[in-house]
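Number of protein chains: 2
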Amino acid sequence: MEYPSKLIEQAVEEISKLPGIGKKTALRLALYLLKESEDQTLALSHALNELRQNIRYCKYCHNISDDEICNICVSHRRDKSIICVVEDTRDVMAIENTSQYTGLYHVLGGVISPIEGVGPSDLNIDALVNRVKDSHGAVKEVIFALSSTMEGDTTTFYLTKKLKEYEVKLSTIARGIPIGGELEYADEITLGRSILSRTAYAKD
Amino acid sequence: MEYPSKLIEQAVEEISKLPGIGKKTALRLALYLLKESEDQTLALSHALNELRQNIRYCKYCHNISDDEICNICVSHRRDKSIICVVEDTRDVMAIENTSQYTGLYHVLGGVISPIEGVGPSDLNIDALVNRVKDSHGAVKEVIFALSSTMEGDTTTFYLTKKLKEYEVKLSTIARGIPIGGELEYADEITLGRSILSRTAYAKD
Numbered sequence: 006m007e008y009p010s011k012l013i014e015q016a017v018e019e020i021s022k023l024p025g026i027g028k029k030t031a032l033r034l035a036l037y038l039l040k041e042s043e044d045q046t047l048a049l050s051h052a053l054n055e056l057r058q059n060i061r062y063c064k065y066c067h068n069i070s071d072d073e074i075c076n077i078c079v080s081h082r083r084d085k086s087i088i089c090v091v092e093d094t095r096d097v098m099a100i101e102n103t104s105q106y107t108g109l110y111h112v113l114g115g116v117i118s119p120i121e122g123v124g125p126s127d128l129n130i131d132a133l134v135n136r137v138k139d140s141h142g143a144v145k146e147v148i149f150a151l152s153s154t155m156e157g158d159t160t161t162f163y164l165t166k167k168l169k170e171y172e173v174k175l176s177t178i179a180r181g182i183p184i185g186g187e188l189e190y191a192d193e194i195t196l197g198r199s200i201l202s203r204t205a206y207a208k209d
Numbered sequence: 006m007e008y009p010s011k012l013i014e015q016a017v018e019e020i021s022k023l024p025g026i027g028k029k030t031a032l033r034l035a036l037y038l039l040k041e042s043e044d045q046t047l048a049l050s051h052a053l054n055e056l057r058q059n060i061r062y063c064k065y066c067h068n069i070s071d072d073e074i075c076n077i078c079v080s081h082r083r084d085k086s087i088i089c090v091v092e093d094t095r096d097v098m099a100i101e102n103t104s105q106y107t108g109l110y111h112v113l114g115g116v117i118s119p120i121e122g123v124g125p126s127d128l129n130i131d132a133l134v135n136r137v138k139d140s141h142g143a144v145k146e147v148i149f150a151l152s153s154t155m156e157g158d159t160t161t162f163y164l165t166k167k168l169k170e171y172e173v174k175l176s177t178i179a180r181g182i183p184i185g186g187e188l189e190y191a192d193e194i195t196l197g198r199s200i201l202s203r204t205a206y207a208k209d
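For the record, the sequence lines run as chains R and U.
Here the numbering used here is used: the first residue of the first sequence is 6, the next is one more, and so on.
Here the numbering used here is used: the first residue of the second sequence is 6, the next is one more, and so on.
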C-alpha cells in the first residue's frame, strides 16, 4: 500500500509491530490520533516511554512494581508460607480478583517454549528455587498455576524436578469442568481429568 | 481492576483511549512492549509524536502530505478537470489502489454528523467550493465518493446544493451489487437501486 506521507507510513509501521494489530488497524489508529488533540498523542507516547524506561520488578516475586518490593510481598496480611507460581502479571491480577488467595506469588515471566526459544534460563526459575531454599522451611507450599498447555505442563514438570529436594509441598490448581459449564460441551481430556481428580464429599 | 504499578496503569489508561482497544487489550500491549527491546517502544512513541506534530496537509486537496502540495496535486499526469470528493485519506488510498481514476481529490476530513457534533464548518467544504469557483470553468466535474450512510448522503446533498450555481457536472459513484456478489444475498435497498440505475448496453 502506498501512503500519502512518510510520517504516516512510519507511524503505521511502528504501530503494526504490536501483536494483533495489522496495517489497516494501524492506519485507523494513526488517523484517529491526527483527529484528536495533540495532547492526547503526547500523553500516550509519554506514558509508553515512562513505562518502558522506569518499570521496576519486585526483587522477591518479580511482579511489576512501583517500588523495590511489591505491595503483596510487603503486606503483613499475606500468608508467607505459600507461593503461587504464575506466568505473568495478568495471572496475578486474575487471581487477586478472585479474593480467594492470601499467599505470595512468583512471576516466571513466561513458560519454557523451545519453539519460541525460551529456555529455563530466560525465566525467573533460579530465583524461585532460591526463595524456597533460603526460606529454610518457612515456605511450606508451592502452587503451580500455569496454563494447561504443552509449554505450561513442561514448565510445571521442570519446576517440580527442581523443587523436589526441598521440604515443601507441591500442588497445582484444579483442572476440571468450569463452574456453570455443561458436561456435553466439555472436551474429552478435561472431562476425563475431572473424573480422575474427583473430590470426595465430606460426610458428617 | 487493580494494577500492580502506577506506570502500567497510566499506560493502559492512555492506550485504551484508542478506538476499539479495551483495557484488557491495552494491558496485553503494554506487557508486550515491556518484553520487547526498549528501542521498539522509543521508536513507536517517536513515530507517534513526529506524526502528530509535523503532519502537513496539501493546501489544495487537504490530503495528508509531506510537502505543501501533495504528490497527486503536483503531478502533471493527473486530469485537473475532475475532483473526487472523499471523507478521508483512507478513501484516497483505496481509490488510488484501483488504478481507475486519474483526476484529483478533495479530502473533506469527515462527514456532516449532528450526533457527533460535526457541522459543515468543521469540514473542508468552503475550500472545495473555492476550488471550483476559482478554477473559472477548468474544473468540469465533481464526483462524490462518500459512504452510503445517512451522514454521507446528507453531506453529498449539502455539497450539491453549494455547487449547483457553478458550471460543473456533479456525479456520484455507482451504487449496486458488488462484482462477484450474488443477488439473493444483496439487501433490498441496494438491489432496488441497482435496478433503477441500470446501465444500457451499447449496441453496435
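Beta carbons: idealized from backbone N, C-alpha and C, even for Gly.
Computed from a prediction, not measured in an experiment: that's the story for all the values here.
Spatial neighbours of residue i within its chain, please: C-beta separation below 6 Å, excluding the five flanking residues on both sides.
i: U:N129; result: H67, L113, G114
i: U:V134; result: K167
i: R:Y8; result: E14
i: U:E146; result: I87, K174
i: R:L34; result: I20
i: U:K138; result: none
Keeping to the same chain, check which residues put their C-beta closer than 8 Å to that of residue i; ignore five residues upstream and five downstream.
i: U:L196; result: I182, L188
i: R:R61; result: I69, S70, D71, D72, E73
i: U:V143; result: Reading off the sequence, residue 143 of chain U comes out as Ala, not Val. Cβ within range, chain order: K85, S86.
i: R:N76; result: S70
i: R:S199; result: R180, G181, I182, A191
i: R:R136; result: Y65, I88, H111, V144
i: U:L49; result: L38
In three-state terms, what does DSSP make of residue i?
i: U:T195; result: helix
i: R:G186; result: coil
i: U:K40; result: helix
i: R:Y110; result: strand
i: R:V144; result: coil
i: U:Y163; result: helix
i: U:K174; result: strand
i: U:I74; result: coil
i: R:D139; result: helix
i: R:R210; result: Since the displayed chain R opens at 6 and closes at 209, residue 210 of chain R lies outside it and no answer follows.
i: R:I26; result: coil
i: R:V91; result: strand
i: R:S86; result: strand
i: U:V97; result: helix
i: U:V116; result: coil
Flag residue i as yes if its beta-carbon sits less than 9 Å from any beta-carbon of chain U, otherwise no.
i: R:R180; result: no
i: R:C89; result: no
i: R:R57; result: yes
i: R:T94; result: yes
i: R:I117; result: no
i: R:T159; result: no
i: R:R61; result: yes
Using a Cβ-Cβ distance cut-off of 9 Å, determine whether residue i contacts chain R.
i: U:P24; result: yes
i: U:S50; result: yes
i: U:I69; result: yes
i: U:A16; result: yes
i: U:Y37; result: yes
i: U:N76; result: yes
i: U:S10; result: yes
i: U:M6; result: yes
i: U:V97; result: yes
i: U:S45; result: According to the sequence displayed, residue 45 of chain U carries Gln and not Ser. Chain R, which has a Cβ nearer than 9 Å to the Cβ of U:Q45, makes this yes.
i: U:I184; result: no
i: U:E121; result: no
i: U:I13; result: yes
i: U:L34; result: yes
i: U:L113; result: no
i: U:R198; result: no
Counting C-beta neighbours from all protein chains within 10 Å, is the total for residue i 16 or more, i.e. buried, or is it exposed?
i: U:E170; result: exposed
i: U:S153; result: exposed
i: U:R5; result: Nothing can be reported for residue 5 of chain U, as the shown portion of chain U is limited to 6 through 209.
i: U:D131; result: exposed
i: U:T94; result: buried
i: R:F149; result: buried
Leaving out five residues before and five after residue i in sequence, what residues of the same chain have Cβ atoms less than 7 Å from its Cβ?
i: R:V97; result: N68, V91, Y110, V112
Are the C-beta atoms of residue i and some chain C residue less than 9 Å apart?
i: U:I20; result: Reference to chain C is not applicable here, since the protein chains of this structure are R and U.
Where the region 127–141 of chain R meets chain U: residues whose CB sits under 7 Å from a CB there = none
Mind listing which residues of the region 99–110 of chain U have their C-beta closer than 8 Å to chain R's C-betas, in chain order?
-> E101, N102
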